[in-house]
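Student:
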Amino acid sequence: ELLQFVDNLDLPGMSVATFTEMRNRAFSVLCGTGSYFDAFTISSKELERFGVDVASNENQFGHAAALSSALVQNGAGFVTIHHCEKNGWDMHNGKTLREQLPELSSRIDIGIAELIHDAVRYNFLVVCSSEFGRTPKINGSGGRDHHNVHFAFGAGGLFQPGTVYGVLSTKGEITDERITNPQLYRLVQHAAGISEDNADEFLSTNLLRY
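Have a look at this one:
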C-alpha cells in the first residue's frame, strides 16, 4: 500500500529523480533495508523514556513520539503524529472528558517532553496544533463545543524557549497579539529554516532566536 500510495502521487513539478528517491525510501522501509527501517527497532529503555509501559505496550502516543524521534534522527524530513485513541478527542460531553483528560496529564506530557528534549539535542522541530479549539463555557452535556480560537506550541529549531504569545479573555476571545493560521504556517517554516520569504517580521523577532 505504501508503494502504491507513492506511485499514485500527482505533485506538479516533481522531477523523475525526486519521485525515484521517494519510491526508494518507501521500498527501504518495506524491505527492512536502510536507515529508515532501523528507526523501527527501538529499545525497551528508549520506549520507557517516552512513558511507554513495555510490559503492556500501553501509551500509543509515547510509542509514536519515540518512533518519530528515531525516524527524524535517521533522515526523515517530516513526521506526523495523529493522536486519536479510542473515539478521538470529541469533547462535547462530560463522559469523554473524564475518560480522556487524565491521559493528557500522565502519558502525553512525558512523550512530548522527551520529544522536545530530542528536538533540541538533534536539531529538529516539534510543532503541536489542532484544527480548532474548545469553548471555555461548559455546554449542557458537561463538555465543550467547537471554538474558533486554539493554541499551538513549537520547540526546537529557531523557536525561542519559554516564550508565550497571545492574550485571551475569560470568554476565550483574543484580546491582544492575535496570530492567524497563515502567520503560524510561515512562522513554522521560518523556525525550521526552510524559507525566510514572507515571514512576519514582528512574530519572528519575538518568537524566534538567531
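The numbering of the sequence shown is the working numbering, which starts it at 366 and goes up by one. C-beta atoms are modelled at their ideal positions from N, C-alpha and C, and glycine is treated no differently. Note that the structure is a prediction, hence the values are computed from the model and not measured.
#1: When the Cβ atoms of the segment 514-525 are set against those of the segment 485-502, are three or more pairs found closer than 8 Å?
#2: Can you give me the Cβ contacts of residue 557 inside the same chain, cut-off strictly under 6 Å, excluding the 5 residues immediately before and after it?
#3: Please classify residue 423: does DSSP put it in a helix, a strand, or coil?
#4: Note down the Cα distance separating residue 555 from residue 487, rounded to an integer number of angstroms.
#5: For residue 514, name the three-state secondary structure that DSSP assigns.
#6: In terms of residues, what are the limits of the alpha helix (DSSP H) holding residue 553?
#7: With burial defined as no fewer than 16 other Cβ atoms inside 10 Å of the residue's Cβ, what is the status of residue 437: buried or exposed?
#8: Which residues does DSSP pair with residue 520 in a beta bridge?
#9: Tell me whether the beta-carbon of residue 531 lies closer than 7 Å to the beta-carbon of residue 476.
#10: So for residue 458, helix, strand or coil by DSSP?
#11: Beta carbon of residue 512: closer than 6 Å to some heavy atom of the ligand SAM?
#12: Let me know if residue 405 comes out buried or exposed under the rule of 16 or more other beta-carbons within 10 Å of its beta-carbon.
#13: How close, in whole Å, do the beta carbons of residue 484 and residue 441 come, if the pair is a contact with beta carbons under 8 Å?
#14: Any idea what DSSP makes of residue 417, helix, strand or coil?
Tutor: Reading off the structure:
#1: yes
#2: In the sequence shown, counting from the first residue as 1, residue 557 sits at position 192. Contacts found: 490, 522.
#3: Along the sequence shown, read from residue 1 onward, the residue named residue 423 stands at position 58. Three-state result, residue 423: strand.
#4: Mapped onto the sequence shown, residue 555 falls at position 190. Mapped onto the sequence shown, residue 487 falls at position 122. About 18 Å.
#5: To locate residue 514, count along the sequence shown from 1; it is residue 149. If DSSP states are grouped into helix, strand and coil, residue 514 belongs with coil.
#6: As a working mapping, residue 553 is identified with position 188 in the sequence shown. Start and end: 546-556.
#7: Position 72 of the sequence shown holds residue 437. Under this definition residue 437 is a buried residue.
#8: Translated into positions along the sequence shown, residue 520 becomes position 155. The partner list for residue 520 (beta bridge, DSSP) reads 491.
#9: Here residue 531 corresponds to residue number 166 of the sequence shown, with the count starting at 1. Here residue 476 corresponds to residue number 111 of the sequence shown, with the count starting at 1. Taking 7 Å as the Cβ cut-off, residue 531 and residue 476 do not qualify as a contacting pair.
#10: Here residue 458 refers to the residue found at position 93 of the sequence shown. It is a strand residue.
#11: With respect to the ligand SAM, the structure offers nothing, as it holds no ligand at all.
#12: As a working mapping, residue 405 is identified with position 40 in the sequence shown. Exposed: under 16 other Cβ atoms inside 10 Å.
#13: For the purposes of this step, residue 484 is taken as residue 119 along the sequence shown, with counting starting at 1. For the purposes of this step, residue 441 is taken as residue 76 along the sequence shown, with counting starting at 1. Between residue 441 and residue 484 the Cβ distance is about 13 Å, and since that is not below 8 Å, they are no contact.
#14: Counting from 1 along the sequence shown, the entry for residue 417 is found at position 52. Of the three classes helix, strand and coil, the one that applies to residue 417 here is coil, per DSSP.
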